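J.: Numbering (the numbering used here), first residue to last: 37 to 557.
Ideal Cβ placement from N, Cα and C applies to all residues, glycine included.
Keep in mind the model is a prediction, meaning the values are calculated, not measured.
Take a look at the following structure, please.
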């Protein structure tokens, strides 16, 4: 039986994603849970799995194209159904006329670390007739309360969970009985389309009882809210025809029709001149230029950086650190730990020394609220490290560094670095950071002015390691391993003296490994 995979909307603000890579081709036989493609949301790279065994029949998008939620991503022939059955049944999106078709809503997995959710409230009961995009239930993930909408018109046949139960991804959430045919669906769409006929709009409004929400806030599914936003409408002002004033798609269409019917007609000539003024002034001599959309992780990073520099008064402090002794210690231990599969780089030493220094300067491990009226001090040292991944800049953080040994930190550094470079860092690893390290020197450069990873209050950039001449205690010129470090601090809560003293302690731990070891005891 041919079956479409519909890219779902289960909240988190995801409305579209870019198809990064197809992992299968048309005609391939796939198994349940086998990855079908990589897609990029504005938060992470996500693998979309198959929910059935079968054969891929259609890929609806090309690599690099933008896929929309609630639209088919790919189609497959589900294993176990004969070609005769396929001929007798139509596509699930357009149920056959004079037949009854049962469709399970499968709770999908589109990443973000969501593997289960709690059923908070069923908004329908068995036997209820519901419409496409009508909210069916409220579920609670570990991130937010989300409304699950219906994908089709039909009748609720079965609810697989009770209120308070935990629903697992890839399992049926509820079952619907679908009826009707393609012509009926098409005609319904025509009726709901905006009309410029005043009498038609009035007739529609008289057939449906509508009401504004009693508390001033509309009840609507995420898809309906998105539709209102796309049309630049205040959904709280749209009368809803559903229970308790719930707003459906047809309510938006009716509201638009009624408003459009009273708008003055504008000639096509005027519209053309108004909407496309840039067409007459656009330069025509750049034949080799190209325009690229900023999207996905790059767009998220751009917003984060703008928010940081526009709301946080940065100041920078620079110093140099002599790493000769700790490099010798690492070299001595490196081979020993390599036998156990542990990659011992310099980063674990920087992170552990930073955590030890934070104990005496908790202000650098804090956050202020948006109004800068309160400051929160964190007991956990969740130290982030910026990674230059193929998707853009990622800053995963190592949780609770104050309780970890250098070896444990090294294991986490290896895990997060590998995941970040593949673009597969889990959302939990990107959350709740308290201070960050940027290792710009791994690429080149000695100093930098790092941008604070808001809402943190400090970040340090590590420059490249250089062997430079320095004077020893006897006045002799010797070669030492020197690294320039550059701090950026939030000047609302950290002053120059504080960051200088904090840096001096961090520097002392790195320049005297024995002192760092004693501080860990």
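In whole angstroms, give me the CA-to-CA distance for residue 244 and residue 277.
T.: Confidence at residue 244 is low in this model, with a pLDDT of 45, below 50, so the placement of that residue is unreliable and no value is reported for it.
J.: If you reduce the DSSP assignment to three classes, tell me which class residue 101 lands in.
T.: Coil, per DSSP.
J.: Our contact map puts residue 347 next to residue 522 with C-beta atoms below 8 Å; I'd like the distance itself, whole angstroms only.
T.: In fact, because the Cβ distance is near 21 Å, the residues do not count as touching under 8 Å.
J.: Check the C-beta distance from residue 106 over to residue 43 and give it rounded, since I have them as a contact under 8 Å.
T.: With a Cβ gap of about 7 Å, residue 106 and residue 43 count as contacting.
J.: Please name the residue or residues paired with residue 113 in a DSSP beta bridge.
T.: Partner(s): 38, 91.
J.: Which value, in whole angstroms, describes the spacing of the CA atoms of residue 14 and residue 260?
T.: The requested residue 14 is not part of the displayed model; the chain covers only 37 to 557.
J.: Quick one: is the Cβ of residue 158 within less than 6 Å of any heavy atom of the ligand NAD?
T.: With respect to small molecules bound, the structure shown includes none, and the ligand NAD cannot be examined in it.
J.: What separation, rounded to the nearest whole angstrom, lies between the Cα atoms of residue 383 and residue 506?
T.: Taking the straight line joining both Cα atoms gives about 24 Å.
J.: So, with DSSP's three-state summary, where would you put residue 43?
T.: It is coil, neither helix nor strand.
J.: Inspect the CB distances between the region 398-410 and the region 489-509 and report whether three or more fall short of 8 Å.
T.: Output reads yes: the region 489-509 touches the region 398-410.
J.: Do you know how far the Cα of residue 480 is from the Cα of residue 152?
T.: Distance between the alpha carbons of residue 152 and residue 480: 44 Å.
J.: Determine whether the beta carbon atoms of residue 21 and residue 60 lie at a separation below 7 Å.
T.: Here the chain covers residues 37 to 557 and nothing more, so residue 21 does not appear.
J.: Whole angstroms are fine: how far does the CA of residue 421 sit from the CA of residue 395?
T.: Between residue 395 and residue 421, the C-alpha separation is close to 19 Å.
J.: Which parts of the region 327-365 are runs of the alpha helix (DSSP H), unbroken and 4 residues or longer, counting only runs that do not cross its ends?
T.: As far as the region 327-365 is concerned, its whole alpha helix (DSSP H) runs of at least 4 residues are 332-347.
J.: Determine the DSSP secondary structure at residue 53, reduced to helix, strand or coil.
T.: Looking at residue 53 - three-state DSSP - the assignment turns out to be strand.
J.: Is the beta carbon of residue 460 closer than 7 Å to that of residue 81?
T.: Cβ atoms of residue 81 and residue 460: closer than 7 Å.
J.: Identify which residue in 435, 139, 355, 557 has its Cα closest to the Cα of residue 499.
T.: Closest option to residue 499, Cα to Cα, is 355.
J.: Give the straight-line distance between the Cα atoms of residue 436 and residue 94, rounded to the nearest whole angstrom.
T.: So the two alpha carbons sit approximately 47 Å from each other.
J.: How long is the line joining the alpha carbons of residue 446 and residue 397, rounded to whole angstroms?
T.: Taking the straight line joining both Cα atoms gives about 24 Å.
J.: What are the uninterrupted segments assigned as alpha helix (DSSP H) that are 4 or more residues long and contained completely in the region 449-506, given in chain order?
T.: Taking only runs of at least 4 residues, the alpha helix (DSSP H) segments lying wholly in the region 449-506 are 463-466.
J.: Where do the ends of the beta strand (DSSP E) carrying residue 547 lie?
T.: No beta strand (DSSP E) holds residue 547; the alpha helix (DSSP H) holding it covers 532-547.
J.: Quick one, which of 502, 141, 487, 540 has its alpha-carbon nearest residue 339's?
T.: Ranking 502, 141, 487, 540 by Cα distance to residue 339 puts 487 first.
J.: If distances are taken between C-alpha atoms only, which option among 416, 162, 286, 142 comes closest to residue 169?
T.: Cα-wise, what sits closest to residue 169 is 286.
J.: If you run the structure through DSSP and keep just helix, strand and coil, what is residue 118?
T.: Confidence at residue 118 is low in this model, with a pLDDT of 46, below 50, so its placement is unreliable and no value can be given for it.
J.: Can you check whether the CB of residue 552 is closer than 7 Å to the CB of residue 389?
T.: A contact, by the Cβ cut-off of 7 Å.
J.: Quick check: what's the CA-CA separation for residue 469 versus residue 283?
T.: Each residue's alpha carbon lies about 39 Å from the other.
J.: Just grab the DSSP bridge partners of residue 377 for me.
T.: According to DSSP, residue 377 bridges with nothing at all.
J.: Taking 7 Å as the threshold (C-beta atoms), are residue 104 and residue 55 in contact?
T.: For residue 55 and residue 104, no; Cβs fall outside 7 Å.
J.: Nearest to residue 281 by alpha carbon, out of 255, 268, 266?
T.: Looking at the Cα atoms, 255 is the closest of the given residues.
J.: Assign residue 165 to buried or exposed, taking buried as 16 or more other Cβ atoms, counted over all protein chains shown, within 10 Å of its Cβ.
T.: Label assigned to residue 165: exposed.
J.: Does residue 511 come out as helix, strand or coil in the three-state DSSP assignment?
T.: In the structure shown, residue 511 sits in coil (DSSP, three-state: anything other than H, G, I, E or B).
J.: Thinking C-alpha only, which one of 361, 410, 58 is nearest residue 518?
T.: Of the listed residues, the one whose Cα sits closest to residue 518 is 361.
J.: Within 10 Å of its beta-carbon, does residue 415 have 16 or more other beta-carbons around it, so buried, or fewer, so exposed?
T.: It is exposed - the Cβ of residue 415 has fewer than 16 other Cβ atoms within 10 Å.
J.: Report back the beta-carbon spacing between residue 622 and residue 206 to the nearest angstrom; my notes put them in contact at under 8 Å.
T.: No answer is possible for residue 622: it lies beyond the span of the chain, which begins at 37 and ends at 557.
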